[in-house]
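Before any comments, here is the structure.
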Amino acid sequence: MLEINNLHVKLEEEDKVILRGVDLSVKAGEVHAIMGPNGSGKSTLSYVLSGRDGYEVTDGTATLDGADLLAMEPEERAAAGLFLAFQYPVEIPGVGNMTFLRTALNAQRKARGESEVSAGDFLKLVREKAKNLKIDAEMLKRPVNVGFSGGEKKRNEILQMAMLEPKMCILDETDSGLDVDAMKLVSEGVNALRDAGRSFLVITHYQRLLDHIKPDVVHIMAAGRIIKTGGPELALEVEHNGYADILAEG
Ligand code: ADP
Ligand code: MG
Ligand code: MG
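Structural data, given as structure tokens:
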């Protein structure tokens, strides 16, 4: 599914190296978590994979099902099945949530050479997915995220994910973290989407998110590299002892 080899990344504008040889292999159906101290490059990794401007890959590769992700435009990455949540919980005044979802879905279909979804089929689909996430019709009509609570924004992102049915979902928990309710919503939404053909990369500072989203593999990232990989017990070790011991080993 996702294969990252020896990925080195620096800032485009400055000579600041952020990723120093990241290796990561996520198989279909697996959930991997990346933890690590603040500033270790976790968000940068997710930005680079999604194709955000401002970063320069100086070495290494990243492929999704064998296709070179780094050579694709951001829309092509989305069409190839990559989804990054929590990157932009932006408000889009003037654009209705439904319109936004339909545009995103059709952009994905177009990039895949498929025809646009009909108005009727779209409505059926969005209603069904929204219902599963307890999103009411009123929220679907409102401008994207405008005046949404934190929890509603999170649910809306999970709705975007459910509509686009990505193969590889990257969730970068923001530094501010989620409150308990938002964390539950995100976890339930993610767990409902877990599937043999879909993989997740969950980036988090907090072990507690991993109580809800049970990872198959846990990685610790520090200073731009993955320095340790293990099972769910690694997250518990971090919870109890912090990063100091692992950093000393690494
Ligand atoms: P994490 O998500 O693990 O906290 P980040 O990927 O956000 O780490 O950041 C890694 C390092 O790169 C930090 O030192 C951060 O300050 C720096 N960094 C990332 N993006 C930028 C940027 N656009 N400009 C300046 N420094 C940046
Ligand atoms: Mg940070
Ligand atoms: Mg971060």
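In the numbering used here, the protein residues as written are 132 to 381. C-beta atoms are modelled at their ideal positions from N, C-alpha and C, and glycine is treated no differently.
Subject >> Closest by C-alpha distance to Ile334, when choosing among Thr175, Leu367 and Ala198 >> reply: With distances taken between Cα atoms, Ile334 lies closest to Thr175.
Subject >> Length-filtered (3 minimum) beta strand (DSSP E) runs lying within the region 145 to 203 >> reply: With a minimum length of 3 residues, the continuous beta strand (DSSP E) runs that stay inside the region 145 to 203 are 148 to 157, 162 to 166 and 186 to 195.
Original post:
How is Gly361 classed by DSSP in three states: helix, strand or coil?
Top reply: Three-state result, Gly361: strand.
Subject >> Among Lys298, Tyr337 and Lys272, nearest to Leu215 - alpha-carbon criterion >> reply: Relative to the Cα of Leu215, the nearest Cα in the group Lys298, Tyr337 and Lys272 belongs to Lys298.
Subject >> Rounded Cβ spacing between His350 and Thr360 (contact assumed at less than 8 Å) >> reply: 5 Å between Cβ atoms; contact.
Original post:
Would the C-beta of Ser156 count as close to ligand 3, meaning under 8 Å from any of its heavy atoms?
Top reply: It does not: the Cβ of Ser156 is nowhere closer than 8 Å to a heavy atom of ligand 3.
**OP:** Could you say if the region 338 to 350 and the region 176 to 189 meet the contact criterion of at least three C-beta pairs nearer than 8 Å?
**Re:** Contact between the region 338 to 350 and the region 176 to 189 is absent, because fewer than three Cβ pairs lie under 8 Å.
**OP:** Examine ligand 1 and report whether any of its heavy atoms sits within less than 8 Å of the Cβ of Gly401.
**Re:** No information on residue 401 is available, as it lies outside the stretch 132 to 381 that the chain covers here.
Subject >> Proximal residues to Glu222 (C-beta, below 6 Å), its chain only, five neighbours per side dropped >> reply: Result list for Glu222: Asn276 and Val277, in chain order.
**OP:** Would you check if there are 3 or more beta carbon pairs closer than 8 Å linking the region 225 to 234 to the region 267 to 276?
**Re:** As far as the Cβ criterion goes, the region 225 to 234 touches the region 267 to 276, which means the pair count is three or higher.
Original post:
At a cut of 8 Å, does the region 136 to 148 reach the region 319 to 339 through at least three beta carbon pairs?
Top reply: Not touching, per the Cβ criterion.
**OP:** Can you have a look at Arg243 and say buried or exposed, based on whether 16 or more other CB atoms are within 10 angstroms of its CB?
**Re:** Per the 10 Å Cβ criterion, exposed.
Original post:
Among Arg233, Pro224, Glu259 and Ile135, which residue has its Cα nearest to the Cα of Leu200?
Top reply: Among Arg233, Pro224, Glu259 and Ile135, the Cα nearest to that of Leu200 is on Ile135.
Original post:
What span of residues does the beta strand (DSSP E) with His139 cover, start to end?
Top reply: It spans Leu133 to Leu142 - the beta strand (DSSP E) in which His139 sits, taken as one unbroken run.
Subject >> Residue ranges of each alpha helix (DSSP H) within the region 322 to 358, 4 or longer >> reply: 340 to 343, all fully within the region 322 to 358.
**OP:** Note down, in chain order, each residue of its chain lying with its Cβ closer than 7 Å to the Cβ of Arg211, except the 5 sequence neighbours on either side.
**Re:** It is worth fixing the name first, because residue 211 is Ala in this sequence and not Arg. Take Ala211, set aside five residues on each side of it, and the residues of its chain with a beta-carbon closer than 7 Å to its own are Leu195, Ala198 and Met203, in chain order.
**OP:** Measure the alpha-carbon distance for Leu254 versus Asp312 and round it to whole angstroms.
**Re:** Going by the C-alpha atoms only, they are around 28 Å apart.
**OP:** Classify Ala211 as helix, strand or coil using the three-state DSSP reduction.
**Re:** Coil, per DSSP.
**OP:** Check whether the Cβ of Lys241 lies closer than 8 Å to any heavy atom of ligand 1, and answer yes or no.
**Re:** No - ligand 1 has no heavy atom lying nearer than 8 Å to the Cβ of Lys241.
**OP:** Using the DSSP secondary-structure output, state which residues sit across from Ala216 in a beta bridge.
**Re:** Ala216 is bridged to Leu302.
**OP:** Give me whichever residues DSSP pairs with Val275 in a beta bridge.
**Re:** Its beta-bridge partners are Ile223.
**OP:** Assuming Met352 and Gly170 form a contact by the criterion Cβ under 8 Å, report the distance between their Cβ atoms to the nearest whole angstrom.
**Re:** Going by Cβ atoms, the distance from Met352 to Gly170 rounds to 10 Å, so no, they are not a contact pair.
**OP:** In the DSSP assignment, find the unbroken alpha helix (DSSP H) run with Asp243 in it and report its ends.
**Re:** One detail in the question is off: residue 243 reads as Arg in this sequence, not Asp. Premise fails: Arg243 is in no alpha helix (DSSP H) and is neither H nor E.
**OP:** Less than 8 Å between the CB atoms is what I'm expecting for Ala356 and Val153, so what's the real figure, rounded?
**Re:** For clarity, residue 356 is Arg in the given sequence; the question names Ala instead. The beta-carbon distance between Arg356 and Val153, rounded to whole angstroms, is 6 Å. This is short enough to meet the 8 Å contact definition.
Original post:
How big is the Cα-Cα spacing for Arg286 and Gly182?
Top reply: Cα-Cα distance, rounded: 24 Å.
**OP:** Please look up how many angstroms separate the CB atoms of Thr192 and His139, rounded, as I've assumed it's under 8 Å.
**Re:** 11 Å between Cβ atoms; not a contact.
Original post:
Considering only the beta carbon of each residue, do Glu187 and Lys141 sit closer than 9 Å?
Top reply: Yes, the pair counts as a contact, with Cβ atoms nearer than the cut-off.
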